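Everything in the sequence shown is counted per this note's numbering, starting at 38 for the first residue and increasing by one.
For each residue, glycine too, the CB sits at the ideal point set by N, CA and C.
Predicted model only: the values in this text are computed from it and were never measured.
Have a look at the structure below, then the notes.
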Amino acid sequence: MVDPITLEVIQERLVSIVREMRATLARVAYSSVLYEARDFSCVVMNARGEAVAQSEDNPGHIIPLPWSVRIAIERFRDDINPGDVILINDPYSGGTHLNDVAVICPVFVDGKLLLFPAIRAHWADVGGMTPGSLSGTSTEIFQEGVRIPPIKIYEGGKLVRGVADLMFANMRVEPERRGDLQAMIETCRTAERRIGEMASKFGVERMLEAIGVILDRTEAQIRDLIGRIPAGSYVYEDYLDASGTTDEPVLLKTRIEIEGTDVHVDFTGTAPQVAGPINASLAVTTTAVFTILKTVLDPDLPVNQGAFRPMRVTAPEGTILNARFPAACGGFAEIRRRTQSVVMGALSRALPEAIAGDVKGSANHCYVGGLNPETNSHFIFYEYPAGGTGGYREADGSSAFRSFDEGDFSSIQPVESIENELPLVIERTAMRTDSGGPGTMRGGLGIERDVRVAIERATYSVLSDRCIIPPFGLHGGEAGAPNSFTYRHAGEERQPGKIPGKATGCPVVRGDVVLMRSAGGGGYGDPLARDPERVREDCRLGFVSAAAASDHYGVVFSADGSVDGAATASRRASLDAQRCMFTVAAHGAAGGEYVHGRRYVQMHPAAATRAGLIEGAPIEIVVPVGAPLRAWVRYNDAIASEVVWIGAEGAAMIGVAPGASVRLRALALGYAAAPRVAARPSAAARETASA
């Protein structure tokens with residue numbers, strides 16, 4: 038049996054190997070996406086493909102990797118040998134999107150396969166129909182680049198040159214791609230040497246025994262924490278903005294069952310896979326669930342396969358969360374983040390003090406690319422602006438900052454790196470005023486960045502989300518401002534595509550300015566309860582405008598800039614009185630809860646007018662504890678004017694019963710859109726709702 042001290046030393050040595058891998062790759066990588074942004078992650082896995090150690094890595098990269106390793110083991114079986122290097126980026130084999138390429142290196146000691154150090158790194162281009170590969174309007178995976186199933190790129194220590202040449206011939210900026218691959222392999226070789234040193238010190242069998250104990254111990258710790266969650270069923274839903282090929286919102290639904298120390302998270306009812314890039318594999322869906330549960334329960338626990346064991350995740354095949362080939366998967370990061378959002382929303386009633394307001398909800402992939410005439414070579418500018426995180430019980434959200442699910446990843450590309458290497462000029466980078474969701478604890482602010490094109494022509498592509506439907510607040514907190522990615526041409530601001538956040542190869546010319554505006558985090562708690570002095574300080578710093586201070590927080594300032602206490606009290610009382618409260622109607626069967634994937638609630642036309650709403654308007658149904666329910670308004674002239682029909686499932690999501698009081702507020706979308714009007718319920722359904 039391994040003694041406790043040796044056990045801790047082995048665990049920390051493994052983590053230190055991963056940290057050395059991170060430091061090494063950041064120093065030797067060729068592309069700024071890796072050495073500046075650090076858009077890569079490292080892990081050590083055992084011979085069964087179980088994660089053993091990671092450090093400050095992106096869970097979206099790492100947690101699906103065991104799927105990839107297990108598929109590679111099954112494919113090659115006994116044909117994995119010293120000196121082999123396995124390459125994979127296939128979303129249907131434990132991958133994420135095609136740009137995230139994984140290198141897996143088996144480590145043998147005394148002829149025995151011991152561990153797999155592995156790296157998943159974002160390559161700036163892997164081919165496909167647009168510079169940077171990621172496209173907001175792709176309809177199948179073939180348009181997104183070179184798809185690599187588990188293959189050997191090195192065999193017995195020798196490069197399989199034909200495979201490498203074929204692969205790189207189909208990628209833009211080939212020298213950079215070759216350099217990044219070699220950097221990843223050499224980084225894994227560093228890990229191989231360190232693992233060999235450990236085996237010499239501790240012995241192979243002792244190391245394997247310790248790893249088994251580490252995984253079992255982590256499982257026991259996470260089960261203990263799960264057992265403290267109140268048993269029961271928790272449900273929630275939210276929407277992605279659009280598929281990329283239509284502007285219809287895309288529904289995600291979850292049900293979390295807590296039973297003892299086990300968790301089952303089911304996504305039945307989620308939208309079918311779409312003809313757009315907003316699809317993902319079950320590995321990605323599981324990653325999202327684990328990320329939230331681990332973050333909420335204990336962020337300090339080690340991240341290894343033992344922590345995954347109590348969790349079971351299911352999603353019907355053929356949905357956006359368990360897509361079938363050949364669905365495009367470029368927007369996996371948007372899927373992962375929205376899946377995290379619905380899990381957070383479901384848990385916000387079970388663990389109200391542990392959940393924060395929603396975050397920016399997207400990787401915010403922005404690409405400007407083309408041919409640089411000065412170098413006669415292709416260039417690719419990849420930007421990924423961070424946003425605000427949600428307010429939480431103790432404090433405001435962080436501004437222009439990576440959230441809990443993104444690892445050690447920079448907020449934006451450095452100005453010097455961009456202007457030294459690319460034909461672009463950074464005109465402005467700033468905090469985005471009024472982007473943080475109002476709340477007792479305000480959401481963090483997003484970023485504003487303006488990038489001027491300095492060559493004759495280029496293309497601009499965007500793959501983002503939360504550009505229409507903004508991040509939600511909690512416990513009465515309001516939504517953060519949505520993401521926005523546009524460009525200015527001849528003084529006019531334009532959308533680069535038909536759907537906000539989804540664009541492919543939009544032409545831009547010299548002097549055009551790409552405008553990036555990232556989302557703020559959702560607010561936490563009633564904004565009318567925020568300390569007026571904190572609002573005053575926010576205004577002084579430029580985080581909140583004077584108009585927003587009055588309209589959302591009810592804070593009024595004197596001529597000298599101090600808080601006017603009497604005017605503030607009066608303003609807050611007035612805003613509170615203007616809030617529209619309704620009684621939840623009996624559930625009945627009032628024509629169904631969804632039309633074309635959208636949840637509709639029913640109101641009398643006069644009641645909607647009183648609330649400042651029109652038919653088809655998006656709303657939030659706000660409750661004191663938990664996330665709001667989002668829906669669209671449908672008129673029902675048979676329903677009483679003081680009630681709102683939500684439906685049984687909708688009521689369960691926000692924990693209310695017929696007769697309860699709820700607040701309705703308009704939900705401001707990220708762009709001007711016509712109201713979504715559904716067909717009126719039948720006469721019989723109207724009578725049922727009014728009963």
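Short check: CB of residue i to CB of residue j, under 9 Å?
{"i": "N136", "j": "G173", "result": "no"}
{"i": "V545", "j": "F522", "result": "no"}
{"i": "A139", "j": "A161", "result": "no"}
{"i": "Q517", "j": "G602", "result": "Note that residue 517 is Gly in the sequence shown, not Gln. Their beta carbons are not under 9 Å apart, which means G517 does not touch G602 by this criterion."}
{"i": "V379", "j": "G425", "result": "no"}
{"i": "S53", "j": "V210", "result": "no"}
{"i": "A220", "j": "V65", "result": "yes"}
{"i": "E256", "j": "R374", "result": "no"}
{"i": "C366", "j": "I156", "result": "no"}
{"i": "V183", "j": "G165", "result": "yes"}
{"i": "L288", "j": "R503", "result": "no"}
{"i": "E458", "j": "F416", "result": "yes"}
{"i": "W104", "j": "S78", "result": "no"}
{"i": "R254", "j": "Y271", "result": "no"}
{"i": "E93", "j": "G557", "result": "no"}
{"i": "N83", "j": "F153", "result": "yes"}
{"i": "A236", "j": "C142", "result": "no"}
{"i": "F476", "j": "G562", "result": "This sequence places Gly at residue 476; Phe is not what is there. A contact, by the Cβ cut-off of 9 Å."}
{"i": "F327", "j": "I100", "result": "yes"}
{"i": "R107", "j": "R75", "result": "no"}
{"i": "G542", "j": "M468", "result": "no"}
{"i": "I125", "j": "I185", "result": "yes"}
Could you check if residue i is buried or exposed, using at least 16 other CB atoms within 10 Å of its CB as the buried criterion?
{"i": "S34", "result": "An answer regarding residue 34 cannot be provided, because it is not within the stretch 38 to 728 covered by the chain."}
{"i": "S436", "result": "buried"}
{"i": "P314", "result": "buried"}
{"i": "G199", "result": "exposed"}
{"i": "D549", "result": "buried"}
{"i": "G264", "result": "exposed"}
{"i": "F362", "result": "exposed"}
{"i": "H512", "result": "buried"}
{"i": "K189", "result": "buried"}
{"i": "D442", "result": "buried"}
{"i": "Q615", "result": "exposed"}
{"i": "H633", "result": "exposed"}
{"i": "V350", "result": "buried"}
{"i": "A60", "result": "exposed"}
{"i": "I42", "result": "exposed"}
Would you grab the beta carbon distance between residue i and residue j for me? Rounded to a whole angstrom, and I think it's under 8 Å.
{"i": "Y1", "j": "R671", "result": "Since the first and last residues shown for the chain are 38 and 728, residue 1 lies out of range."}
{"i": "L384", "j": "F304", "result": "About 15 Å separates the two Cβ atoms, so there is no contact after all."}
Which residues mark the beginning and the end of the beta strand (DSSP E) in which residue i is found?
{"i": "S78", "result": "77-83"}
{"i": "S399", "result": "Where S399 is concerned, there is no enclosing beta strand (DSSP E), given that its DSSP letter is neither H nor E."}
{"i": "V138", "result": "137-141"}
{"i": "I417", "result": "414-420"}
{"i": "H526", "result": "521-526"}
{"i": "L289", "result": "287-296"}
{"i": "I190", "result": "188-192"}
{"i": "W669", "result": "666-672"}
{"i": "K535", "result": "Here K535 belongs to no beta strand (DSSP E), and DSSP marks it neither H nor E."}
{"i": "E485", "result": "484-490"}
Leaving out the 5 sequence neighbours to the left and right, which residues in its chain are closer than 6 Å to residue i when beta-carbon positions are compared?
{"i": "H402", "result": "L171, L500"}
{"i": "L704", "result": "P655, I656, E657"}
{"i": "A648", "result": "C617, L701"}
{"i": "K290", "result": "E274, G306, T307"}
{"i": "G120", "result": "G193, G194"}
{"i": "R573", "result": "V600"}
Along the chain, where does the alpha helix (DSSP H) containing residue i start, and where does it finish?
{"i": "F580", "result": "Where F580 is concerned, there is no enclosing alpha helix (DSSP H), given that its DSSP letter is neither H nor E."}
{"i": "P41", "result": "41-65"}
{"i": "T224", "result": "211-239"}
{"i": "R157", "result": "Careful: R157 lies outside any alpha helix (DSSP H), inside the beta strand (DSSP E) at 149-159."}
{"i": "I99", "result": "96-99"}
{"i": "S385", "result": "369-387"}
For residue i, which residues of its own chain have a beta-carbon under 8 Å away from its beta-carbon, when the five flanking residues on both sides are left out?
{"i": "L650", "result": "M640, I656, V670, L701, A703"}
{"i": "L44", "result": "A247, V250, I251"}
{"i": "L565", "result": "Y590, G591, R609, L612, D613"}
Leaving out the 5 sequence neighbours to the left and right, which residues in its chain are closer than 7 Å to residue i when beta-carbon positions are compared?
{"i": "S595", "result": "D601"}
{"i": "A710", "result": "Caution applies to A710, whose pLDDT of 49 falls short of 50 and renders its modelled position unreliable; the model cannot decide the point."}
{"i": "E223", "result": "V65"}
{"i": "E354", "result": "R361"}
{"i": "R19", "result": "A question about residue 19 goes unanswered here, because the residues of the chain that appear run from 38 up to 728."}
{"i": "M208", "result": "D162, V163, G164, V183, R214"}
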